[in-house]
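For the sequence shown, my numbering begins at 120 and goes up steadily by one.
No residue lacks a Cβ here, since even glycine has one placed at the ideal position from N, Cα and C.
Before any comments, here is the structure.
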Amino acid sequence: MACTSVIKSHPPGLLAQLRQFIAGASQPNKSSNQELARLALSLLNSLPAARGAVLEYLCFLFDSAVANHISQCLSPESPTKSQEPSEEEVTIAEIHTTLTNFIHSNANAWAPIISRWSLELLGTLSSRYANKASASMASNLSQSMQFWMACRATRTLIDINTQCLSCLMDSNTDSCISALLDFSVLHSPAFDWVVAHVGSCFPQTVITRVLSCGLKDFCENQLGTKAPKIVSVVSILDHLALSHFSDIKKALLQLFEWSMMTSEVEDDKLVLVQKLATTPFLLQLASMSPVLLRALSSDVLHSLTPQKLSKMSNYAADWCSYFDSRQALFDLVVHLILRCESGAIHILSLLLKCSQSEGKVSSMSDISREILELLLSEMDRTQRTASSVLPFLNNLQQNVAGLHSLLLSCDILSSRIAVRLVILLGRQNYNTMCSSIAQLLLKSKSKVQLAALLALASDCRGSELMSSSLTLALQMCRDHMINPPSDDYLLTLWVNVDKLLRWEESKKNMEDTCSPMLQAMWDNLARASECLQSRTNIKCLHCIALSINRAISQPKHRLLSIPLSISLATSTVSYFFKCLSLEEDGVKQKKSCNVINNILKQLCSISPHVISLLYRELIETALFRPAAKLFNASKISEESDYSSLHVNLLEENLKQGTSLMIPHRPSSVFYAGVIGAGAKIKRPVDKLPEEIVNNNIRLFIAALASCCNASDNRAMLDSIINIALLLVELISPDVMYNGLPWPEEEFCKVTVERDLKIRRLFDCSPIAWELLAFVAQHRPALCYCSVLLRAVVATLISEWGKASQQSKDAIQDKNSNLLKTTTRLLDIMALGQLLPQPLSSLQHTLHALPPNWVVLILRDSVWNYMRDHVPSPTLFVPDANGIMWRDPALDAPNKQYTDSLRLVMQRNVDKLGPLYSHLFIHLQQE
């Protein structure tokens, strides 16, 4: 009756068409589906009241077409498809054409209706035939879509729905998307392929509208994960993320940014509610889908700032209504953070910055601190109880450099949080702990940073960790693995090592096992030695030396291997001379030399086999190496204006004469220049101030003495004797005639070349005189340097003899150095008790004597006495204190050695009277 009353105003034929359609639809097997479909489509256009019946009939046709398609797929002997379309396919095509025309002619009227109808029908068909054999073989979404798109009926429905969405793109898309969500809820998962296809056609629109519809549903129900459409929202977005992940990230970011915007015009109540619910909605989506969590933890997470978080903290109480409680909200946030596969450092930085807020945003500070504590507690609990690795910790592991920046923060909270995280990472990766401690060693400059280092080293593996970390830090400095590379890091490293060693020393009353830094230094002594020898930064060298000194000075030190002992010995000597040349502050220089002396002393006590090496290194460096300039050593430059001539000196000299070599005559050719090119040119040498040289000499002798420091006088004397023998080995160029006896003066003609070379070294190296004086202080060690003394005396006799042939005025001007050298030699011989009284006071008479008398005294009183009295160590006997002395009563010189001296002093009694009285009157009376 209702349908009849509606069509009274229509043409008479319309009622007949309606009756014909009803009759045909009631008995579908007795009528042609194609004709009936055409009649139904005509009624759909001309009779709106029949729309429901027509669409229901069209559902029947599509259902039949899908059933036939599946039946053909299931039939093992299905006939080959004919080239001509079947009546069913023609009917489906006509329906498609007619509905498409309706949509395009009046989209606002038809598109919502047809879209909802097509989606509902697709959902029904997908669910109904999902368990059929062919459909069930579609094990994933891609296969399901391929299966359904092969069916003409479902493909037509999808195309019709797509055209509806396309026409409503700019006007009323929400109705279509809402229907898509409704049927996704109702028919999932069979309906997923429809969602995937529609989304792939309009990804940005579908994603945006799906989020919008899901948010509205979330606001209306406030049921969290139980909201009717949220599961479908997640399902749809998960499907679309396979191909449109970037679009999803963009849409999520836009939705979040919209919720944080404050519009100039006041929003209506519904919009305000949606903005408030956006963040809980996004959190729920992330909790239900790892894909959406990954999307949120990229763009949305990195868009967060402390200012935004401050604004969000004001809504935290309102968000709790979307969850069971405040604690449930915090637990959700913590678990989402732990599942984040990226942005871990950004999350930590945000929480730490917010936790430091004060004043109006103190609530945000409290919330941030609470979340941080929950986060760390949950990580610790999960790590101890579960075997799986947390994604958040994995991301921290991959971005450990960012964690190191937090570890090096001067803020106490940031440092403590970073320490706890490093400990957590260290449980699953030992190298992370080592690299973190290494970074702290290299860059810590505050107490907070050093406290973090100690907290990490307090692990049960503290000694092993510290040792490995120090090794890594030194390797990073050596290989320039630090960014940016700088020697300042090495200085900071050794400053920190020294501080930690001092701190451990201050805990002497505590357990001895609590010394990880000391153990680390022992394990890295070889690397420390390498740094001490290769580096030139004097501040850094001071710290390295202090650390080595603290390590080897411990009472319970270990034995050093021979290679390590040798390395430490050579590097310490190298550092000593660097300290003399590079350190300008006298106080620091003296302190550093005290440290060096202690290191040398400890090395000699721990490893006695390096004592000889230390003597040799110190003396050779002071005499023959570039460091000799520290003691004002002067040498003739080998370069001259004719250095490029490559002249053979022997051949040039032979051209000047053809006389035969006389036996026992010196046959050596002295290099004073090249004949025809002039004498060898002496290059001027820059001299250091005398006070600096004297200070260097004092420090050098103190270093040498520290190597000889023994527990008893006998051992000390043995060490000095070894030094005396080494001096002979290094200074004397020949192994012949190096014995203790002094020969006849005439024999000097045989050793003249060697004597001149020895004398030349003493003239060029003032430190050689100091070494002789050092040896002379420890009687009878100077006896072993007999060859050096007689070589110098022989050259002095020769030079004074030449000087005696010059005028008296010239003597005073030219021979001051000669007088100084002679006086120094006689002082040394007197100090070593090689000359008894009154010969031991010869040096005090020389200034008043002419050269010919000096020659007389040197020959008669010195050379002849030494020739007749061999300077033997057996002449010295120890006293009650173990100090060696020579008995003057037994070695008093005869008149033949003193008569020349007596005669000379008598002739110069006006100048030498008091000394003559003392030597020849008072001493004889005593």
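According to DSSP, what are the bridge partners of residue i?
| i | result |
| --- | --- |
| P997 | M1003 |
Cα-Cα, which of the options is closest to residue i?
| i | options | result |
| --- | --- | --- |
| R654 | Q673, S625, L683, Y694 | Y694 |
| W267 | F310, K394, N615, M640 | F310 |
| N643 | S634, S605, R621, S587 | S587 |
| D182 | E239, G171, L849, H897 | E239 |
| S461 | K430, L938, V452, L420 | L420 |
| D366 | V329, I685, D485, H661 | V329 |
| T424 | C439, K720, Q446, E376 | E376 |
| V912 | P997, K939, L944 | L944 |
| K430 | Y441, M407, I486 | I486 |
| L276 | H316, P674, Q547, T504 | H316 |
| L732 | I685, I715, K748, V714 | I685 |
| D278 | Y248, S307, S237, L287 | S237 |
| I840 | I730, G705, L849, P899 | P899 |
| L404 | L374, H363, S224, K388 | L374 |
| D874 | I886, A892, L908 | L908 |
Can you tell me whether residue i is helix, strand or coil according to DSSP?
| i | result |
| --- | --- |
| S960 | helix |
| R580 | coil |
| D1010 | coil |
| E213 | helix |
| V313 | helix |
| L180 | helix |
| C320 | helix |
| T655 | coil |
| C529 | coil |
| E889 | helix |
| R879 | helix |
| M585 | helix |
| E492 | helix |
| V508 | coil |
| Q952 | coil |
| K626 | coil |
| L287 | coil |
| A249 | coil |
| D598 | coil |
| A269 | coil |
| A747 | helix |
| R677 | coil |
| R898 | coil |
| N220 | helix |
| L569 | helix |
| S124 | Bear in mind that the predicted position of S124 carries a pLDDT of just 43, short of 50, making it too unreliable to give a figure here. |
| S884 | coil |
| N514 | helix |
| N227 | helix |
| K806 | coil |
| P992 | helix |
By the DSSP assignment, the alpha helix (DSSP H) with residue i in it spans what residues?
| i | result |
| --- | --- |
| A913 | 905-922 |
| F442 | Note, F442: premise wrong, no alpha helix (DSSP H); not H, not E. |
| D987 | 983-987 |
| K709 | 705-725 |
| P970 | 970-976 |
| S684 | 681-701 |
| K430 | 425-432 |
| V1028 | 1028-1036 |
| D642 | 635-642 |
| A752 | Looking at the DSSP string, A752 is not in any alpha helix (DSSP H), and its letter there is neither H nor E. |
| I1040 | No alpha helix (DSSP H) holds I1040; DSSP gives it neither H nor E. |
| S1056 | Nothing can be reported for residue 1056: it is not among the residues displayed for the chain, which extend from 120 to 1045. |
Say yes only if the C-beta of residue i is nearer than 6 Å to one or more non-hydrogen atoms of the ligand ATP, and no if none qualify.
| i | result |
| --- | --- |
| T397 | With respect to the ligand ATP, the structure offers nothing, as it holds no ligand at all. |
Runs of alpha helix (DSSP H) lying entirely within the region 340-423, each at least 4 residues, in chain order: Counting whole runs of 4 or more residues, the region 340-423 contains the alpha helix (DSSP H) stretches 349-379, 388-407, 409-414.
Start-end ranges of the alpha helix (DSSP H) lying completely within the region 830-874, minimum 4 residues: 832-850
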